[in-house]
Amino acid sequence: MELMLRLDTGGAEGSRFKGDALYAALRDAIRAGRLRPGEKLPPTRELAARCGVSRGTVTAVYDRLAADGYVAGEVGRGTYVCPHAVGSEADAADGARAQRTGGPASGGGQGPGGQAAPRLSAWGKRLMRSTPHSPWPTPGSGPLTFRIAPPDDSRFPYMDWFRLLNAEARKLAGSRTVPEPGAGAGAAVSGRGRADAMGDPELREAIAAYLRRSRGLDAQAEGIAVVNGSMQAIALLVHLLAGPGDAVVCEQPGYGGVHRAAAAAGAELTPAAVDAQGLIPADWEARLLVVTPGRQFPTGAPMPLERRRKLLDWAGRRNAFILEDDYDTEFRYAGRPLEPMKALDREGRVAFVGTFTRTMFPGFRLGYVLLPPGLTEPFRRALALFEPEPPALLEQRTLSAFLRSGLYERHLRRMRRLYAERYRQLSAVLSGGRLAGLFDPVRTEAGLHLFAWWKGSAESFARYRAECAALGLQLPDASAYFADAKQAEARPGAVFAFGGLNADQLRRAGEILEEAAARIAQRGISV
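Residues in the sequence shown are numbered consecutively from 2, following the numbering used here.
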């Protein structure tokens with residue numbers, strides 16, 4: 002680990018001596034986040050040589066940091082920053098000082114530590130007021146949780162992936178990428194032809210072929226853009242199609258990323274109700290609709306053909322566009338795959354967004370959008386503004402080879418069998434025993450989570466979730482998916498994501514759900 006430390010041996014606070022100065026430097030590095038929770042400190046011999054002190058001095062400093070709760074030592078493994086070390090009373094004092102002097106959202110003054118606070122633009126202020134994104138939990142950390150998590154990579158064909166990755170790396174190293182004179186924004190020429198901000202040409206063609214096979218779409222590479230996950234496509238499309246004061250229709254409950262994108266663009270959200278058949282059509286005065294017809298997020302309800310046609314008719318009358326988010330439809334356990342709304346689009350009003358994030362391995366961030374002709378060039382320019390050249394080009398080319406080889410679809414078939422068993426296991430838990438009287442699961446035939454409405458009040462649901470937490474299980478509620486908080490309170494719901502849990506963890510989670518139900522029954526809590 003390369004750690005830059007500034008030892009102040011002439012200042013106050015007892016830093017005249019190198020031991021005190023080293024302690025202060027490490028403490029400040031931890032407080033400031035330069036040394037993060039779980040990060041390993043340098044070996045005592047190495048740090049002693051670097052700082053010009055004895056090894057005994059470094060050992061004493063590490064002991065002092067451990068006594069103050071900043072680090073913890075493990076015999077034979079080293080010394081690590083404690084998880085709770087960041088956020089000390091000094092940080093709290095900095096936060097209080099920032100509030101007094103004006104933080105970033107206030108438009109001026111000083112920030113933490115006396116640093117200047119930027120005067121944010123109107124867009125920046127809207128962004129700061131929006132609800133921050135909640136990251137995925139780290140696999141294997143913390144208590145059991147039904148939070149939506151990264152995909153299970155225990156069956157991923159890593160050896161095949163690494164073989165293709167090495168082959169593409171050798172090809173990339175053997176080619177030179179230089180700007181072509183007169184090329185447009187984001188264009189470049191390499192050993193495999195021009196690659197612009199829309200993504201690697203061979204990957205775009207591979208995605209088009211995959212969509213033709215798996216979704217029945219008339220997809221061509223020219224209309225496909227490669228993005229860093231579906232959220233980037235959603236954010237750019239919202240900004241392209243809706244500005245301050247424009248209405249964006251979103252499902253309620255629905256994906257919170259749409260709420261954040263609309264808030265950042267200054268658009269007005271129009272929450273639209275969903276039922277057992279997905280979004281309920283209406284004659285909205287809006288320029289954009291974001292919808293998940295294949296599998297409504299988060300309820301999982303599939304949208305019938307009649308409603309899809311009604312939404313397309315609405316878009317034609319209102320001269321509006323539809324963003325079709327194809328969330329979590331690769332894993333289908335029963336029935337036929339539903340025809341995407343994009344396949345029914347005859348006027349070029351639907352942008353079809355998909356991602357590989359849910360089907361590959363944790364940390365893989367590539368998605369795509371199949372654009373209607375009228376949006377292709379505006380989207381190209383929006384991408385080129387932020388990323389003039391294709392991001393993660395090596396990963397893009399490896400994914401292209403992975404798709405063309407048939408390995409990707411073979412991996413999907415393998416994971417379908419695995420997830421189907423987990424789906425059946427969780428369905429049996431929710432529909433039997435005490436839980437049948439507490440939850441009303443939404444029927445679905447695909448995806449990596451189940452959604453269920455709580456049959457009782459918001460107060461009884463909060464008590465039930467508290468009992469689950471006391472027993473070691475985090476049960477996420479559906480409030481984050483509502484744009485209207487009152488609606489979330491009126492009808493509580495829960496998300497049961499099983500993709501990141503193995504059979505034993507699912508069994509234990511089921512036992513906790515049952516035990517929590519028994520506890521609230523013993524306490525006389527009426528549902």
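Just so it is clear, CB atoms sit at the ideal spot from N, CA and C, and this is done for glycine as well. Just so we're clear, the structure is a prediction, and the values are computed from it rather than from any experiment.
Distance, residue j Cα to residue i Cα
i	j	result
L533	G364	No answer is possible for residue 533: it lies beyond the span of the chain, which begins at 2 and ends at 528.
V259	T360	21 Å
D276	R65	59 Å
M199	H412	26 Å
A274	E307	17 Å
Q426	A522	24 Å
Y369	R35	34 Å
D327	G525	43 Å
F403	K487	46 Å
W580	L48	In the structure displayed, the chain extends from 2 to 528; residue 580 sits before or after that span and is not available.
A479	P493	7 Å
S231	V430	32 Å
L339	A207	22 Å
P389	A266	22 Å
L161	L345	The question names Leu, but residue 161 in the sequence shown is Asp. So the alpha carbons of these two residues sit roughly 37 Å apart.
R418	A220	28 Å
A471	Y81	29 Å
L151	P158	Here the sequence assigns Pro to residue 151, which means Leu is not the residue at that position. Taking the straight line joining both Cα atoms gives about 16 Å.
R466	I513	11 Å
A61	V54	11 Å
L165	L502	29 Å
D69	Y63	10 Å
V59	G39	19 Å
Integer Cβ distance of residue i from residue j, believed to fall under 8 Å
i	j	result
F298	Y256	5 Å
A283	F322	Going by Cβ atoms, the distance from A283 to F322 rounds to 17 Å, so no, they are not a contact pair.
F163	L476	Going by Cβ atoms, the distance from F163 to L476 rounds to 37 Å, so no, they are not a contact pair.
Closest residue to residue i among the options (Cα-Cα distance)
i	options	result
H1	E269, G230, N229 and I225	Residue 1 is absent from the structure shown; the chain starts at 2 and stops at 528.
F332	L514, A479 and G448	G448
D153	L474, G217, A437 and M416	M416
K172	M304, L204 and R398	R398
L313	G301, R296, V292 and A302	V292
R78	D505, L42 and A68	L42
Q253	I149, T271 and R423	T271
A33	P44, Y71 and A61	Y71
K19	R56, R37 and P44	R56
E378	L237, P282 and E468	L237
L400	L204, F163, V496 and F157	L204
R381	V228, A67 and L128	V228
G336	G295, E325 and F497	G295
T358	K456, E396, A421 and R347	E396
R508	L474, A495, R366 and T356	L474
A453	L436, R464, A463 and P44	L436
Status (buried if at least 16 other CB within 10 Å, exposed otherwise) for residue i
i	result
E286	exposed
L212	buried
Q233	buried
M342	buried
E460	exposed
P84	exposed
I31	buried
I225	buried
G407	exposed
D485	exposed
R423	buried
D505	exposed
Any non-hydrogen atom of the ligand COA closer than 6 Å to residue i Cβ
i	result
L439	With respect to the ligand COA, the structure offers nothing, as it holds no ligand at all.
Entirely within the segment 255–281 and at least 4 residues each: give me those alpha helix (DSSP H) ranges in chain order. 257–266
Tell me the start and end of each unbroken beta strand (DSSP E) in the segment 42–81 that is at least 3 residues and wholly inside, in chain order. 72–75
Whole beta strand (DSSP E) runs in the segment 415–482 with 3 or more residues, listed along the chain? For the beta strand (DSSP E) assignment, the uninterrupted runs of no fewer than 3 residues enclosed by the segment 415–482 are, from N- to C-terminal side, 440–442 and 450–455.
Ordered list of alpha helix (DSSP H) runs contained in the segment 214–259, each at least 4 residues: 231–242
Quick check for students: name the residue ranges of the beta strand (DSSP E) that lie wholly in the segment 302–331, counting only runs of 3 or more. Taking 3 residues as the minimum length, the beta strand (DSSP E) runs contained wholly in the segment 302–331 are 322–326, in order along the chain.
Uninterrupted beta strand (DSSP E) stretches inside the segment 344–423 (no shorter than 3 residues): Given a length threshold of 3 residues, each whole run of the beta strand (DSSP E) inside the segment 344–423 is given here in chain order: 351–356 and 368–371.
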